[in-house]
Structures are given as C-alpha cells and as structure tokens.
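Report on one structure; see the data block that follows.
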Amino acid sequence: MRHIKVGYEIVCIGDDSFHCPHCGKVYNDEKYCDRINRNKSGYTRVYCECRKLFDVVADSSGKLHGVLTLKQVMELETDIYNKYYE
Ligand SMILES: [Zn+2]
Numbered sequence: 003m004r005h006i007k008v009g010y011e012i013v014c015i016g017d018d019s020f021h022c023p024h025c026g027k028v029y030n031d032e033k034y035c036d037r038i039n040r041n042k043s044g045y046t047r048v049y050c051e052c053r054k055l056f057d058v059v060a061d062s063s064g065k066l067h068g069v070l071t072l073k074q075v076m077e078l079e080t081d082i083y084n085k086y087y088e
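Each residue of the sequence shown is one higher than the one before, starting from 3 at the first, in my numbering.
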C-alpha cells in the first residue's frame, strides 16, 4: 500500500493490491475486486505467472489478500506432518 500525503491528510491508495503468496508478484487491478464482488463465495482464484494458483479474498474492510488455496494449505500440512511426525 502506498501512502500519499495530501495537505494534512494521509490518503491510502492501492487497497486493490495484493501479492502472490508463492512468488510475491504484486497485483494491483480492480478487476479482481469486481470478480470477488460478483462471486458470492467472497474470493476469486488467480493463476499466477509463477504457474501456481492462489486465492484472492476480500476482508471486511474490502482489502484484498492473496492466500494459498485450501488444497495448497492441506498439502503443506501433509508435508509438515511427514517431515516432523514420521
Ligand atoms: Zn506467483
């Protein structure tokens, strides 16, 4: 998020921005916000340039966050489980 000083007020812009949880690529595009608004489940899926999927969710203040998909989280948990509990 960028902060721009306008007079005595600080205006925050870039609430539509989020980044890929895999490679960190920053997205700043209203179209994802529109997609989430149209989609009743409250998130949309992005296929990143790094060839991995991630979900974009909007929090209660309308800010977007790039997060791992449920499947990726489950895979991660399996990985961790295999590493530490075998
Ligand atoms: Zn990526």
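Glycine residues also receive a C-beta, built at the ideal position from the N, C-alpha and C atoms. Predicted model only: the values in this text are computed from it and were never measured.
Residue i - DSSP class collapsed to helix/strand/coil
i: Asp36; result: helix
i: Cys14; result: Here Cys14 scores only 48 on pLDDT, less than 50, and its place in the model should not be relied on; the value that follows carries that caveat. DSSP places Cys14 in strand when its eight states are reduced to three.
i: Tyr86; result: helix
i: Thr71; result: coil
Check: residue i C-beta below 7 angstroms from any heavy atom of ligand 1
i: His67; result: no
i: Cys22; result: yes
Beta-carbon proximity list for residue i, same chain, < 8 angstroms, skipping 5 on both sides
i: Tyr56; result: Residue identity differs from the one stated: residue 56 is Phe in this sequence, not Tyr. Hits under 8 angstroms: Cys22, Pro23, His24, Arg47, Val48, Cys50, Gly68, Val69, Leu70, Thr71 and Gln74.
i: Tyr34; result: Asp18, Phe20, Thr46, Val48, Val58 and Leu66
For residue i, the nearest candidate out of the options (CA to CA)
i: Gly64; options: Gly26, Glu32 and Lys27; result: Glu32
i: Lys54; options: Tyr83, Gly44, Tyr87 and Gly26; result: Gly26
Backbone CA spacing between residue i and residue j [nearest angstrom]
i: Asp36; j: Val28; result: 17 angstroms
i: Tyr87; j: Arg40; result: 42 angstroms
i: Leu78; j: Lys42; result: 27 angstroms
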